[in-house]
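Engineer:
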Amino acid sequence: MSKFWLEEGDFIRVQNIQLAYNLKIKKLPEMRFNFTAERPFQWSKSFNGFNPEVGFKGIDLRTYPTPSTYSFGLSVKL
Numbered sequence: 387m388s389k390f391w392l393e394e395g396d397f398i399r400v401q402n403i404q405l406a407y408n409l410k411i412k413k414l415p416e417m418r419f420n421f422t423a424e425r426p427f428q429w430s431k432s433f434n435g436f437n438p439e440v441g442f443k444g445i446d447l448r449t450y451p452t453p454s455t456y457s458f459g460l461s462v463k464l
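Throughout, the numbering used here is defined as the position within the sequence shown, counted from one, plus 386.
Rendered as structure tokens:
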């Protein structure tokens, strides 16, 4: 069997990052800042496709990759 169409699928993916900071200053309302990143990056040594987590019999059909999302937030407690 030829290995011409085979490639390594080893990868590392950061799935979720969440950071939050509570700010308490006298005479100001309590505030909370937050940041969330979903799927911010992945690293693969030799995989050429979009997503190494292929689902159909190990075949990457070049579907669109799952997007990364980033969100920032501010909560104010009065």
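Ideal placement from N, C-alpha and C gives every residue a C-beta, glycine not left out.
1) Starting from the C-beta of Glu416, find all residues in its chain whose C-beta is less than 8 Å away, skip the five residues before and the five after it, and write them out in chain order.
2) Quick check: the segment 392 to 408 against the segment 426 to 434, are there 3 or more CB pairs under 8 Å?
3) In chain order, what residues of the same chain lie with their CB nearer than 6 Å to the CB of Thr422, ignoring the 5 residues before and after it?
4) Is the Cβ-Cβ distance between Phe419 and Leu460 less than 7 Å?
5) Check this for me: beta carbons of Arg425 and Ser454, under 7 Å apart or not?
6) Can you tell me whether Lys463 is helix, strand or coil according to DSSP?
Structural biologist: The short version:
1) Here residue 416 refers to the residue found at position 30 when the sequence shown is read from its first residue. Excluding residues within five positions, the ones whose Cβ falls inside 8 Å are Asn408, Leu409, Lys410, Val462, Lys463.
2) yes
3) Walking along the sequence shown from the start, residue 422 turns up at place 36. Same-chain partners within the cutoff: Gln404, Ser457.
4) Numbered from its first residue, the sequence shown carries residue 419 at position 33. Numbered from its first residue, the sequence shown carries residue 460 at position 74. Cβ distance < 7 Å, so Phe419 and Leu460 count as in contact.
5) Looking up residue 425 in the sequence shown gives position 39. Looking up residue 454 in the sequence shown gives position 68. Taking 7 Å as the Cβ cut-off, Arg425 and Ser454 qualify as a contacting pair.
6) Locating residue 463 in the sequence shown gives position 77, where the first residue counts as 1. In the structure shown, Lys463 sits in a strand (DSSP, three-state: E or B).
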